[in-house]
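Residue numbers (UniProt numbering), protein chains in the order written: chain A, 1 to 329; chain B, 1 to 329. A virtual CB, placed ideally from N, CA and C, is assigned to each residue, including glycine. Note that the structure is predicted; figures quoted are calculated from it, not measured. Worksheet: one structure, shown below.
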């Protein structure tokens, strides 16, 4: 029978190598993080569950990367610099050291790529599926965190990167032989699949958001639904122009062959892009700085007034989307 | 069929009432915590799983209290003041609003009793058992957090409160009709059961720990095993005098009727007391301040030198404990 290492052995073997200074090499039972004068903390927790948020057959490296990245995406949207993360890992009865080695490899890759060391954690057993809960801690200059509810009438709404790739990547996994899927080049298929499996938090965008953004949040539950939440939290209406939604070449190809996929692209989840609003006079300055930071930012709509509805436009006319929470307007 | 509220509805109904300022009433997607000049952060995450760390039939209020308290106990041992917590809650298929209402009631009671507001969270579905992961954030004066690995030869080892009550409370739950159990008064039974169900983190002890403690950690996995970890992390040996272990009247009664329970008391888990080491010349000053803060602190042993073994003494002679990791010396 395979030797099952103790929690202490697991920590020493798999997690200590990625611990930052604050984790004191994970030898202590609590993590210390040095205070930073003049900065506020930004905190976020997200849990992902096997069979719910990822496929149990997903490579462990990708599960680990995603668990960290979905949290860092929230920090990115707040313009925060990562300080570190804590991990609560619930291992199912059939876990193996091979799995854990690959998982910790992916976690370390994510931690190194984003400058976000492991500060501490807890490993427990569960009779249920693998559950990974990650808490990330970042910081911003004091008083400067852009919040979700700060969209102002007249602001321009922008999205970073491209929208819908992850949702189409998921669709591709669920139906790899779909007619539209056959129209994709191998590179396009890989692009969509990778956007779903290995989201890239837009941490580079931070300085531009801190300089210009009014409201900001990450897009994780679908562009349309997340924008609706932002406008509702800000107490305003607005218009989203679907024709302006930034699409990758892969997404454009897929939608050209299956037009209904546009709706999936703008309502599906897992984009991990940034959605923000900017005063009209500052949009070009923001886009220039964002581009200089390596992140394209595309205007996709306008914030309306308090009494306005939220409308989604296609070819200049309001459309009603069948999926998600948008069937009622 | 029962209406299943959305995550947003759950947050508004059950969690927003206990959110602190940093949680912005949980309307934003990340929490902000104002920086504090001259202070370091102390962070800890712990997950508890239904059927593993608590009985699925435990009152939801107690499950919530325990999930928060076991983390706050780590802050307490570090002399930290709580700043807030984040919650990742994985709900099983059969969850009910009645359960969640009681759970959030217990969580709010814990948050209010300890001055530790909810800053943010994530609620997900799981096909497995209820899993509650709590991350607590506290702070200490910069550079002052007492660590586990700082025990020095000659230091006196002290424990707060009483040891073993929770382990005996668990034994009582598992075998309520044991011979020794019948010797307990109703108040003594209730004391032991309550120590298991509703641990009370020793947050009051903070100022005394910051003033005097060399090494400090909380006792959660059994006094003997946790002291062994502290000494090993400090690179020293030491002696634990079991005759000096502070026991409640309930524990004394139980052990008088069933002497083998002493071993269970000092190796069982869930004490959530503080274990610390103090220079001999400062022990009385520490104990006085601790008593003034309402927390008894009892000397239970001495830190040895680097080459010394760790010995557990009973009636002045080394003993070998059958359970836990102490069968090998």
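Quick check: residue i and residue j, are their CB atoms within less than 8 Å of each other?
i, j, result
"residue 209(A)", "residue 35(A)", "no"
"residue 375(B)", "residue 166(B)", "This structure cannot settle anything about residue 375(B), because the visible part of chain B is limited to 1 through 329."
"residue 313(B)", "residue 226(B)", "no"
"residue 184(B)", "residue 253(B)", "yes"
"residue 130(B)", "residue 100(B)", "no"
"residue 218(A)", "residue 62(A)", "no"
"residue 37(B)", "residue 37(A)", "yes"
"residue 267(B)", "residue 321(B)", "yes"
"residue 135(B)", "residue 203(B)", "no"
"residue 157(A)", "residue 222(A)", "no"
"residue 249(B)", "residue 188(B)", "yes"
"residue 211(A)", "residue 289(A)", "yes"
Which chain A residues are close to residue i, counting only those with a beta carbon under 7 Å from its beta carbon?
i, result
"residue 74(B)", "29, 30"
"residue 127(B)", "51, 128, 129"
"residue 47(B)", "88, 90, 122, 124, 133"
Output, in chain order, the set of chain B residues within a Cβ distance shorter than 7 Å of residue i.
i, result
"residue 91(A)", "Residues of chain B passing the Cβ test: none, with the nearest at roughly 10 Å."
"residue 332(A)", "Because chain A spans 1 through 329 in this model, residue 332(A) falls outside it and cannot be assessed."
What in chain B is Cβ-close to residue i, meaning under 9 Å?
i, result
"residue 274(A)", "The contacting residues do not exist; residue 274(A) stays about 11 Å from chain B at best."
"residue 44(A)", "29, 30, 31, 86, 120, 122"
Report the rounded CA-to-CA distance for residue i versus residue j, giving the unit in angstroms.
i, j, result
"residue 164(A)", "residue 251(A)", "7 Å"
"residue 148(A)", "residue 207(B)", "38 Å"
"residue 143(A)", "residue 160(B)", "40 Å"
"residue 298(A)", "residue 230(A)", "17 Å"
"residue 102(B)", "residue 182(A)", "52 Å"
"residue 97(A)", "residue 197(A)", "22 Å"
"residue 179(B)", "residue 256(B)", "11 Å"
"residue 215(B)", "residue 201(B)", "18 Å"
"residue 324(A)", "residue 139(A)", "Caution is warranted here: a pLDDT of 47 is assigned to residue 324(A), below 50, making its placement in the model unreliable, and the coordinate value is therefore given only provisionally. Taking the straight line joining both Cα atoms gives about 33 Å."
"residue 234(B)", "residue 12(A)", "16 Å"
"residue 87(B)", "residue 64(B)", "10 Å"
"residue 315(B)", "residue 8(B)", "60 Å"
"residue 145(B)", "residue 319(B)", "34 Å"
"residue 285(B)", "residue 16(A)", "37 Å"
"residue 258(A)", "residue 52(A)", "27 Å"
"residue 327(A)", "residue 10(B)", "Residue confidence for residue 327(A) is low, a pLDDT of 31 falling below 50, so the modelled location carries little weight; the figure read from the coordinates is stated next. When rounded, the distance between both Cα atoms is 22 Å."
"residue 56(A)", "residue 95(A)", "12 Å"
"residue 308(A)", "residue 228(A)", "12 Å"
"residue 283(A)", "residue 28(B)", "23 Å"
"residue 232(B)", "residue 224(B)", "12 Å"
"residue 291(A)", "residue 58(A)", "33 Å"
"residue 5(B)", "residue 273(A)", "27 Å"
"residue 310(B)", "residue 14(A)", "28 Å"
"residue 295(A)", "residue 287(A)", "9 Å"
"residue 108(B)", "residue 243(A)", "46 Å"
"residue 104(A)", "residue 186(A)", "29 Å"
Mind listing the chain A neighbours of residue i? Cutoff is C-beta to C-beta under 8 Å, in chain order.
i, result
"residue 154(B)", "Within 8 Å Cβ-Cβ: nothing; residue 154(B) doesn't reach chain A, min ~22 Å."
What is the C-beta distance between residue i and residue j, in whole angstroms, given that I count them as a contact (C-beta under 8 Å)?
i, j, result
"residue 236(A)", "residue 132(A)", "The Cβ separation is near 36 Å, so there is no contact."
"residue 151(A)", "residue 277(A)", "4 Å"
"residue 245(B)", "residue 300(B)", "6 Å"
"residue 82(B)", "residue 114(B)", "6 Å"
"residue 127(A)", "residue 93(A)", "6 Å"
"residue 106(B)", "residue 60(B)", "6 Å"
"residue 69(B)", "residue 280(B)", "Incorrect: roughly 32 Å between the Cβ atoms, too far for contact."
"residue 66(A)", "residue 54(A)", "6 Å"
"residue 32(B)", "residue 41(A)", "7 Å"
"residue 168(B)", "residue 72(B)", "Contact doesn't hold; Cβ gap of about 22 Å is too wide."
"residue 220(A)", "residue 270(A)", "7 Å"
"residue 205(A)", "residue 275(A)", "Not confirmed; about 11 Å, so no contact."
"residue 117(A)", "residue 19(A)", "6 Å"
"residue 247(A)", "residue 162(A)", "6 Å"
Using a Cβ-based criterion (distance less than 7 Å to any ligand heavy atom), does residue i qualify as near the ligand NAD?
i, result
"residue 314(A)", "The ligand content of the structure shown is nil, which means the ligand NAD is not present either."
Taking residue i as the query, report the chain A residues whose CB atoms sit under 9 Å from its CB, ordered along the chain.
i, result
"residue 145(B)", "28, 30, 32"
"residue 78(B)", "28, 29, 30, 32"
In chain E, which residues lie less than 9 Å from residue i when you measure between Cβ atoms?
i, result
"residue 214(A)", "Absence of chain E from the displayed structure is noted, the protein chains being A and B."
Name the chain B residues that come within less than 8 Å of residue i, Cβ to Cβ?
i, result
"residue 35(A)", "35, 36, 37, 38, 39, 40, 41, 139, 142"
"residue 217(A)", "28, 29"
*Would you call the stretch 42-55 of chain A and the stretch 111-128 of chain B touching, i.e. three or more CB-CB distances under 8 Å?*
yes
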